[in-house]
Every structure is written in structure tokens, then in C-alpha cells.
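There are 2 protein chains.
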Amino acid sequence: MERNQKVVLGLGQCSFDLLGSLACYPQLDQKVELNSLLLQGGGPVATALVTLARLGVQTKILSRIGDDHFAHLIRSGLEREGVDCLHLSFDRRQTSQLAFIAIDQSGHRNVFWHRGTARALQADQLPLDVIGSAAVLHLDGLHITPSVVAAQAARQNGVVTVLDGGTLRTDTEKLLPLIDHMVVSQTFARQVAGHDLFKALDKLSAWNAEAVTITLGREGSLTRLQDGTCFRQPAFRVEAVDTTGCGDVFHGGYIYGLLQQWPMCDVVRFAAACAALKTRAVGGRTAIPTLQDVERLLQSQHGGRQGHE
Amino acid sequence: MERNQKVVLGLGQCSFDLLGSLACYPQLDQKVELNSLLLQGGGPVATALVTLARLGVQTKILSRIGDDHFAHLIRSGLEREGVDCLHLSFDRRQTSQLAFIAIDQSGHRNVFWHRGTARALQADQLPLDVIGSAAVLHLDGLHITPSVVAAQAARQNGVVTVLDGGTLRTDTEKLLPLIDHMVVSQTFARQVAGHDLFKALDKLSAWNAEAVTITLGREGSLTRLQDGTCFRQPAFRVEAVDTTGCGDVFHGGYIYGLLQQWPMCDVVRFAAACAALKTRAVGGRTAIPTLQDVERLLQSQHGGRQGHE
Chain B
26 MERNQKVVLG
36 LGQCSFDLLG
46 SLACYPQLDQ
56 KVELNSLLLQ
66 GGGPVATALV
76 TLARLGVQTK
86 ILSRIGDDHF
96 AHLIRSGLER
106 EGVDCLHLSF
116 DRRQTSQLAF
126 IAIDQSGHRN
136 VFWHRGTARA
146 LQADQLPLDV
156 IGSAAVLHLD
166 GLHITPSVVA
176 AQAARQNGVV
186 TVLDGGTLRT
196 DTEKLLPLID
206 HMVVSQTFAR
216 QVAGHDLFKA
226 LDKLSAWNAE
236 AVTITLGREG
246 SLTRLQDGTC
256 FRQPAFRVEA
266 VDTTGCGDVF
276 HGGYIYGLLQ
286 QWPMCDVVRF
296 AAACAALKTR
306 AVGGRTAIPT
316 LQDVERLLQS
326 QHGGRQGHE
Chain A
26 MERNQKVVLG
36 LGQCSFDLLG
46 SLACYPQLDQ
56 KVELNSLLLQ
66 GGGPVATALV
76 TLARLGVQTK
86 ILSRIGDDHF
96 AHLIRSGLER
106 EGVDCLHLSF
116 DRRQTSQLAF
126 IAIDQSGHRN
136 VFWHRGTARA
146 LQADQLPLDV
156 IGSAAVLHLD
166 GLHITPSVVA
176 AQAARQNGVV
186 TVLDGGTLRT
196 DTEKLLPLID
206 HMVVSQTFAR
216 QVAGHDLFKA
226 LDKLSAWNAE
236 AVTITLGREG
246 SLTRLQDGTC
256 FRQPAFRVEA
266 VDTTGCGDVF
276 HGGYIYGLLQ
286 QWPMCDVVRF
296 AAACAALKTR
306 AVGGRTAIPT
316 LQDVERLLQS
326 QHGGRQGHE
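Protein chains in written order, with the working numbering: chain B, 26 to 334; chain A, 26 to 334.
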């Protein structure tokens, strides 16, 4: 099988976001007029792929969505960014995942989301040859059986696996031994080991990942390598307008760094810079940076380098 | 000009509603999964016309919407109900009015709405011959200049004018002398005369409307006729799931009653029955009743007749 060193494959849920900006939240039984309304594709893996595409990386999405109006907007949004949608299929007469996100003036937000009725890709529908020839497989782990099958195919073919862990589910453990890089939310870490983040890093590292990172929003992130080294990357200070999709963009930047075979501290620093730049505008994808944007931020903030702990 | 006694014409804003049901409202910076999501056309006049169409009346909408995905859903939703959309035009490259409505288990709701960028119909774009030959012209008064021109054309041709008064605006007074039936919200009434509803009825009647009604939700409605008679219509007791569009459906039922030339107390009682039946399901239009539904409720609740005050 020929390895395409440059392709990142993503297997995960795609959604459609309606992002409304408002002065302040309405009281119960009140109406509030939105100052602006933005319609945009979303979903953790999909937005990570868009990030990689903006950074110049070839990407492919593996997913199934409904065949409603939003499905077509999801697909055209990805195609416009250059994400290969050959393996993004429509589930007939089903609806796609949709989110309404209300963002107030201070950047706080509420997310109302609906799962939709489209069924996830089944394990026997996965293009294993495509998976086996990629450089990286990025997973959200939301649908465990196809995720495990895809990760096994990746591992058998030396494809690097990256997990975006949002919430720990009953059967997530089936996937963890197959993951090279876990980049998980604070919620996920707390489910693993309560408030002790270092304990969570240790427990997750025991599954043999090369690196485990917990993203902490404004508090930056915490990483543990397989040799036991830990380091903290502070968040870059920017005027945040909207944090929607920040974690997803972090994953995109992280995978970009892996492709460059940088030291892990540089990988995480690059990811943090991508996530910070994303917050400049409303929408999960609006302000996703180009390589030039990220390089400019990194050069301007040499003082922001991570400290080892 | 030949009078088409059976056509009700509506001039007003059309919108598109996304209605999400949830267990309870999320805290700030939290996500909440919706139990269900319903997509449906909305807008006061448009929903009143749908009510009339379900009751078997011929209806036509005069309005302009964007030409986005939602515009096409708005139009197809009205066409499916049998509302004539010959005078519903698309404003190129503009967006339509959109609302996200969150409804909790107790039927309380928050409405987040966006005006959209589509421009309203201009006065010189109104089909005055169509207006002049209708039986009733229903207006929301949101765009005053075209509303006044349409109401003048109606009045010159003996067409009955009905106003859905949601909010009193600076120039609403230009329209009031041209209105035969004012059916206004409690908000509108308070803007006219503070908390004294009877004073609001008197002040509004001074513009020479045949009847003025204030709708009061669960408290029913209060009507004043031109001769000074006032009566209260209690709300029909139903298990309310969602009150979205209740007022709009009340207007539809009210106009149906006018077309039958019933005594005003019967007109308002019929309107109240329509509005009550509407609340049976989520969505402004889902449970809009047929004539048979309304008749059944009216027969079953003879005790619910209005008391004169």
C-alpha cells in the first residue's frame, strides 16, 4: 500500500452551526433580537480538517450526514475549504446535526444542539484502503465501533492516530489502546481522575499513547509524554470574541505540528497559537488562521514559550 | 372592480422558525441537547393566513423575503398550506428573518430572532388591484409606508382592514385611522395606556375601529365595540405544549369569524378556540385546527362562553 504522507483523514460527526450574537441573554418568555447571525459548518473533526486545509494540508472527511438543507450546506462548506468530501455520504430522508449558539458581548455562550437523525457510518462502510494509506487519522470517538475498526486499520498500516476526547463514554476504553495522541477536554480529564489533572495524564498515558494533552481554555494546556515528561503551554493572550470551535482548531494545529515532526513542545505551542487566532471572530471557522498568521503570532510572542514542570 | 368576497390578503413579515424542545435552560457557557427540533415557517400575518387556509378560506400573501435556503422553505411551507404566493417575492442575495425558539418542559420559551437583510415591499410595488378586490386585508404594520398605502387602497374599495398590533411604533398612528379591527397584544395596549386596559380600549376605539381587542394569553381577551360595549372572552382550557404563534392563530380565527358576519362575541370566541387548539403541539403551525376541530371544542365547552362586563 502506498503511503500518502500528506493526507490527514478525519472520521467524525459533522454538524451545522447557527451562531447568533446578542447584547445579553433574554429572561424566560422574552424575545431577544440578534445583532448578527452567522451560518457555518461545524463538528470537532470537520473543523480540525478545515484548519489543516487552511494551513495547506490535504484532508479527507469520512462521515455521514442527513440529506436536508443543512447537509448540503455542511458539504459545500467543507468543499469550499478544499476538504475532500468523496467519503462524506448522505443518509436519505434523515436530518443532520444542528446547533444554535448564542454568544453574548463578553464572549460567553450557550449551545443548543440537536443530534439529528442521520445514522453514523457503519464499520463495514469504511474505506480501509484510504485509511491505511493516510499519514494521520483523526477521530472524535463518538461512534465507537467504526472508530475502533478505523483505528485498527490505521495502526496496522503505521498511520498516526489522534483522538479528540470531548466526553468519556462507557466504551471509550476500547479505543484508547489504539491512539497515539490523545488531546482531551477538561471534562474528559475530570471523568478519568476527578480534579487531579496530573493523575488524569498518568492514567491516560498508561494506554501507551505517545503524548496526552488536556486543553484548559484560557488556562492553556497540559501535556505528558510517554517518558513521563510534562509541560504546560499557556494560552496566547488575544481579545477573544468567540471561543466556539477553539478545541477543534487546536487539534488541527496539533496535527500540523505532528506532520512537521517537530518536538512535542513546538507542536503544542503551534496548536495553541492556532486556537488563539481562531477566537478573533464569531464562528468556529471564520478566523481559522493561515500558516502566515500563525507564524506572525509565534514570532511576536517569543516570551509565550511553555515552561517545563 | 369585482369583489372576491372570499379572499383574505395578508401584508406582513414572513420568517422561518427553528423550534427546539429541551428539559431545562442551560447555564452560561453550557451545552444542552435538544430533545427535538422542528423547522417551520412563521411570522404573524403568514401564520394567520395558514390558519385561514386550514379553515378553508382562500388566502394570498404580499411580502418580500431573502433568497437564502430559508426563503425557499418559507415559500414552500406556505404553498403546501395552499396560501397563494404569487406576490411573495425574493430579494436577491439577501437573508430572511429567522428565529430560534427554545421551549422548556413547562411550555416556557425564549425567542432569539434575526431580522435578516431582505428589504420589505415598497409602497410602489403593491398590487393595488389585488388589494382592492379582496374581502379582508390583514396587516402587521411593521413597515408603515406600504401598510398605509395598502390600507388606503383597501378602505377606498370597501375591503375590511385588520391590524395585528404587536408593538406600538412611532408612526403606527398613521395606520390606525385606516383600521376596522384592531387586535393587539398586551405590550401594545400598555404602550397606549399603561396598565389600564379599558383606557387602552377607549383610546384605540377613538380611531374609529369597529372593534378593538386586547389578547391576554392565559387571561383570554378583552374587546370593545364602537358603541362602547365591552366583553371578556376567557381562554379555553387546554394542556398547552407551546404557545408560539398563538396570537397569529387568534387573528386567523378572528378574520374567519368576520367573513361569516357573526356577532362580534362569536367572532372572538371562535378566535380563542383556534388559539387554544394551536397550543397542543410544538410549532406555530403544527396544531392549527381545521374547522371541525374548532367546532368540536366550541360544542364541548358551552360553559366557556364569554361574560359581558
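For each residue, glycine too, the CB sits at the ideal point set by N, CA and C.
If you're wondering where the values come from, they're calculated on a predicted model, not measured in any experiment.
Between glutamine 55 (chain B) and histidine 220 (chain B), the alpha-carbon positions lie close to 37 angstroms from each other.
The beta-carbon of leucine 98 (chain B) is placed less than 9 angstroms from the nearest beta-carbon of chain A.
By the Cβ criterion, the region 139–154 of chain A is not in contact with the region 74–85 of chain B, since fewer than three pairs of Cβ atoms, one from each stretch, lie closer than 8 angstroms.
Along the region 132–151 of chain B, the positions whose C-beta sits under 9 angstroms from a C-beta of chain A are His133, Arg134, Asn135, Val136, Phe137, Trp138, His139, Arg140, Gly141, read in chain order.
A direct Cα-to-Cα measurement between threonine 240 (chain A) and serine 210 (chain A) gives close to 5 angstroms. With respect to chain B, the C-beta atom of glutamine 211 (chain A) has no partner C-beta closer than 9 angstroms. Within chain B, the residues whose beta carbon sits less than 7 angstroms from that of alanine 127 (chain A) are Phe137, listed in sequence order. Valine 185 (chain A) is bridged by DSSP to A:Val161. A contact is defined here as three or more CB-CB pairs under 8 angstroms, and the region 297–315 of chain B meets this definition with respect to the region 79–89 of chain B. Contact with chain A is absent for leucine 153 (chain B), since none of that chain's Cβ atoms lies less than 9 angstroms from the residue's Cβ. With contacts defined by Cβ atoms closer than 9 angstroms, glutamine 324 (chain A) and valine 293 (chain A) do not form a contacting pair.
Exclusion of the five residues before and after arginine 144 (chain B) leaves Arg89, Asp116, Gln119 as the residues of its chain whose Cβ lies within less than 8 angstroms of its Cβ. Three or more pairs of CB atoms, one per stretch, sit closer than 8 angstroms, so the region 270–284 of chain B contacts the region 62–69 of chain B. What lysine 303 (chain A) touches in chain B, judged by beta-carbon distance under 8 angstroms, is nothing: the nearest beta carbon there is about 17 angstroms away. Close partners of glutamate 244 (chain B) in chain A (Cβ separation under 9 angstroms) are lacking, with about 14 angstroms as the shortest Cβ gap.
Residues of chain B whose Cβ lies closer than 7 angstroms to the Cβ of histidine 168 (chain A) do not exist; the shortest such Cβ separation is about 16 angstroms. Considering only A:Ala301, A:Asn182, A:Ala306, A:Thr186, the residue with the shortest C-alpha distance to glycine 166 (chain A) is A:Thr186. Leaving aside the five residues that flank threonine 192 (chain B) on each side, the residues in its chain whose CB is nearer than 8 angstroms to its CB run, in chain order, Ser210, Thr212, Phe213, Gln216. Shown here for cysteine 299 (chain A): same chain residues with a beta carbon closer than 7 angstroms to its own, the five before and five after excluded, namely Thr76, Val274, Phe275, Gly277, Gly278, Pro314, Val319 in chain order. Per DSSP, reduced to three states, the secondary structure at lysine 56 (chain A) is strand. When the Cα atoms are used, phenylalanine 95 (chain A) and aspartate 93 (chain B) turn out to be separated by approximately 12 angstroms.
For the set B:Leu44, B:Phe295, B:Gly282, B:Lys85, the Cα lying nearest the Cα of arginine 105 (chain B) is the one of B:Lys85. Contact residues of the region 37–60 of chain B toward chain A are Leu43, Gly45, Leu47, Tyr50, Pro51, Gln52, Leu53, Asp54, Gln55, Lys56, Val57, Glu58, Leu59, Asn60 (C-beta to C-beta distance below 9 angstroms). About 13 angstroms separates the beta carbon of leucine 113 (chain B) from that of leucine 98 (chain B), a gap too long to meet the 8 angstroms contact definition. When only Cα atoms are considered, glycine 183 (chain B) and glycine 157 (chain B) end up about 8 angstroms apart.
Below the 7 angstroms Cβ cutoff, chain A contributes Leu123, His139 as neighbours of leucine 62 (chain B), in chain order. Between alanine 124 (chain B) and tryptophan 138 (chain B), the C-beta gap is smaller than 9 angstroms, which places the two residues in contact. Rounded to whole angstroms, the separation of the alpha carbons of aspartate 42 (chain A) and alanine 301 (chain B) is 34 angstroms.
If you draw a straight line from the Cα of arginine 134 (chain A) to the Cα of leucine 53 (chain B), it comes to about 6 angstroms. In this structure, serine 61 (chain A) sits away from glycine 91 (chain A), with a CB-CB distance that is not shorter than 9 angstroms.
Glycine 253 (chain A) and leucine 222 (chain A) have their C-alpha atoms some 14 angstroms from each other. Within the same chain, Cβ atoms closer than 7 angstroms to the Cβ of leucine 201 (chain A) are found at Trp232, the five residues on either side in sequence being excluded. The closest CA to that of alanine 265 (chain A), considering only A:Thr238, A:Gly309, A:Ser246, A:Leu162, is found on A:Gly309. For a cut-off of 8 angstroms, the C-beta gap from leucine 34 (chain B) to histidine 163 (chain B) is around 7 angstroms, short enough to register as a contact. Here leucine 111 (chain B) is exposed. Its C-beta has fewer than 16 other C-beta atoms within 10 Å.
With a threshold of 9 angstroms between beta carbons, histidine 220 (chain A) makes no contact with chain B.
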